[in-house]
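Quick mapping for you: the protein sequence lines, in order, are chains S and L.
Its first residue numbered 1, the first sequence is counted upward by one per residue in my numbering.
Its first residue numbered 1001, the second sequence is counted upward by one per residue in my numbering.
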Amino acid sequence: MSRCGLRQDLRTIGALMRRGLNEILRVPGGAIPGVLAPTIFMVGLSASFGEAARLPGFSADDFRTFIVPVGMLQGAGFTGAATGVNLARDIQQGWFDRLMLAPAPRPVLLAGVVGSACLRCLLPATFLLIVAFALGVSWPGVGALVLAALLIMGLAAAAACYATVLALHFRTQQAAPLMQIGTFASILFTTAYVPRELLSEWLRAIADINPMTHVLEGVRQGFTGDVTWASTWPALLALAGLVAAFGALAVRAMQRQGC
Amino acid sequence: MRAASVALARRALRNFLRRPQLLAPLVLFPTLLLVVNVGGLERTTTLPGFPRVDGFLDFQLAAAMTQSLLLGGVSTGIAMALDIEGGFFDRLVASPTPRLAIVLGRVLAASVIAALQIIYFLVLGAIFGASVKGGVVGVLCVLAIGIVAGTGFSALGVMIALRARNASTVQGIFPLVLVVLFVSSAFFPANLLSSPADVVAAYNPLSYIADGLRQPIAFGNALAPMLEGLAAAAGVAIAATSLSVLALRGRLRQT
């Protein structure tokens, strides 16, 4: 690819990312629930199930600290789903058909859509962290926060690819629950509430084969202890697999558009 | 009035069953949370102060029912808002349909859906080993509280739709629903809630509704909590229906 072509592709990706970010200002009513929901979930779960931290074998000082990373992942999942819902709306309103006429490669268009999700997911995470720190969650350190940010951005990318596949298949916003429930469920069927040893046997078996468990533990490590390479590489590997798998499916779905 | 209400209720039911995007979240999300809560927090039943139960599923079924009924209220509100956005509401108002039937029809349909939601969770619980300790009387009591509460939550949804007039705003109250649910004893015993949720839960009608639903399922029939649950549900239903009728009058004045 020539340098000029690469520059043009980057400009296209940037324009699509800006358009995605503009959604927050243009339709704040649509963005607010996605921003608030993870924080409400974190505060609500810790108010309801806070006493679970007294169980023998619970690996964190308090339940709120343990549950904050779950909220961060949920924020990323909701953002990815919202990307798919917005794409379905663009399809229904005809904007996507006009986009398909643009002389840009389909993977570049997909990168723009997914890139906006990567940036947007930082908004619910930031709001969640501000509330969490105000409520007494201990500071995990800059390194742990940077790692957490990278991991949730990766998860938002995977979730956006998954939602894009569904949006391109169903071509309607009515598929929104399917887009949301996929990531929502995969995040909860992990060590979301309690450490692995305290899970029921059947849930432990699911959590063990669920790649999202590694991503969650990667984000959580800085909140409940020190960041170690032993907890980081499985998270990075699991995330790379998710992005590669859903990214490939999304590229395939994009390539098939208009065929 | 009765014929118009029934006809509008039948239309609402038909539309509801035709739109899986409205129906699915009512059972999908509560079932998902039920499964994860039971799998993840089963050992919390060993905590000091936790009431004696056969299993955490027995305790959590009422929480799933309450959550599902609340989501039913949101869905009813969205359906009403879509009628307003799509112009059906204006056509109804232009016809000689009794005004009150517009609200009553929608609420009547919601009560039927609430009964189906309760039955779904009772069957789900039975499949996974949670029997209703209160027997047939207990099942009838759970149904009664659930239907009345579901009617009330739906009337709240109708009221919000009549004031907001657009579906996305009604959809936006979903996080608020979660907040109200979390500051109740729906998910965990009131004596084990963190402060200040325990204080709020004592005044939250959802606590009484959830405890009323839970009593015959997890512990057996006891008059006081079951009557409190029914009274709280009836209070919500009467207040919400009155508010939605007032909202309808306000909307008609503007039309």
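The beta carbon of each residue, even a glycine, is placed where N, CA and C say it ideally should be.
Computed from a predicted structure; not experimentally measured.
Assigned secondary structure, residue i (DSSP; H/G/I helix, E/B strand, else coil)
i, result
"L:N1037", "helix"
"L:P1030", "helix"
"S:W139", "coil"
"S:Q257", "coil"
"L:P1189", "coil"
"S:A31", "helix"
"S:D226", "coil"
"L:D1083", "helix"
"S:G218", "helix"
"S:A53", "helix"
"L:G1055", "coil"
"S:V194", "coil"
"S:P124", "helix"
"L:V1199", "helix"
"S:T172", "coil"
"S:P234", "helix"
"S:S286", "The structure shown does not extend to residue 286 of chain S, since chain S is modelled only from 1 through 259, so no value can be given for it."
"S:V131", "helix"
"S:A60", "coil"
"L:A1130", "coil"
"L:S1068", "helix"
"L:P1048", "coil"
"L:S1194", "coil"
"S:L242", "helix"
"L:P1205", "helix"
Range of the contiguous alpha helix (DSSP H) that encloses residue i
i, result
"L:L1178", "F1174 to F1182"
"S:T302", "This structure cannot speak to residue 302 of chain S, because chain S is shown only from 1 to 259."
"S:A88", "F63 to Q93"
"S:V114", "R106 to R120"
"L:R1253", "L1223 to Q1254"
"L:T1151", "G1135 to A1164"
"L:R1106", "R1099 to I1127"
"S:N22", "R3 to R26"
"L:A1218", "Unbroken run through L:A1218: none, as it is neither H nor E."
"S:A205", "E201 to I209"
"L:R1002", "R1002 to R1018"
Close Cβ partners of residue i (< 8 Å) along its chain, the five nearest in sequence each way excluded
i, result
"S:G141", "G222 and V227"
"L:Q1171", "V1074 and I1078"
"L:I1173", "V1074, G1077 and I1160"
"S:A15", "G112"
"S:Q92", "R171, T172 and Q173"
"S:L122", "A149, I152 and M153"
Within 7 Å, strictly: CB atoms of residue i and residue j
i, j, result
"L:F1050", "L:V1038", "no"
"S:A160", "S:A102", "no"
"L:A1130", "L:L1061", "yes"
"S:A88", "S:T12", "no"
"L:A1233", "L:A1110", "no"
"S:T224", "S:S59", "yes"
"L:V1027", "L:V1103", "no"
"S:T232", "S:G241", "no"
"S:L216", "S:L73", "yes"
"S:G164", "S:A250", "The sequence shown places Thr at residue 164 of chain S, rather than the Gly named in the question. Their beta carbons are under 7 Å apart, which means S:T164 touches S:A250 by this criterion."
"L:T1045", "L:V1035", "no"
"L:A1063", "L:F1187", "yes"
"L:V1132", "L:P1216", "yes"
Residues of its chain near residue i, where Cβ-Cβ distance is below 7 Å and the 5 sequence neighbours each way are ignored
i, result
"S:T213", "T190, T191 and A207"
"L:A1101", "M1001, A1004, S1005 and L1008"
"S:F127", "V35 and T39"
"L:L1070", "F1153, V1177 and L1181"
"L:A1012", "A1079, G1105, R1106 and A1109"
"S:V108", "D9, T12 and I13"
"L:S1244", "V1103, A1155, V1158, M1159 and L1162"
"L:I1209", "T1066, I1145, A1149, G1229, A1232 and A1233"
"L:N1015", "A1079"
"L:F1089", "D1083"
Own chain, CB closer than 6 Å to residue i, minus 5 neighbours either side, in chain order
i, result
"L:Q1107", "First, the residue type needs correcting, since residue 1107 of chain L is Val and not Gln in the sequence shown. The residues are T1151, S1154 and A1155."
"S:A175", "L166"
"S:M254", "R106 and L110"
"L:L1248", "V1103 and L1162"
Inset, instruction - Please determine if the region 1197–1204 of chain L and the region 1105–1118 of chain L are in contact, where contact requires at least 3 C-beta pairs separated by less than 8 Å. - result: In short, these stretches do not touch, since the Cβ pair count stays below three.
Inset, instruction - Indicate whether the contact test is met: 3 or more Cβ pairs, each with one atom in the region 75–82 of chain S and one in the region 146–157 of chain S, closer than 8 Å. - result: Touching, yes, given that three or more Cβ pairs across the two stretches are closer than 8 Å.
Inset, instruction - Could you tell me whether the region 1222–1233 of chain L touches the region 1080–1087 of chain L, where touching means 3 or more Cβ pairs closer than 8 Å? - result: no
Inset, instruction - Evaluate contact between the region 32–46 of chain S and the region 1179–1188 of chain L, counting only Cβ atoms and requiring at least three cross-stretch pairs below 8 Å. - result: yes
Legend entry - Segment contact flag, the region 1135–1143 of chain L with the region 3–11 of chain S, C-beta cutoff 8 Å, min 3 pairs: no
Legend entry - Touching by the beta-carbon criterion (3+ pairs, under 8 Å), the region 197–205 of chain S and the region 1029–1047 of chain L: yes
Inset, instruction - Mind the definition here: the region 62–70 of chain S touches the region 133–152 of chain S only if three or more C-beta pairs lie below 8 Å; say whether that holds. - result: yes
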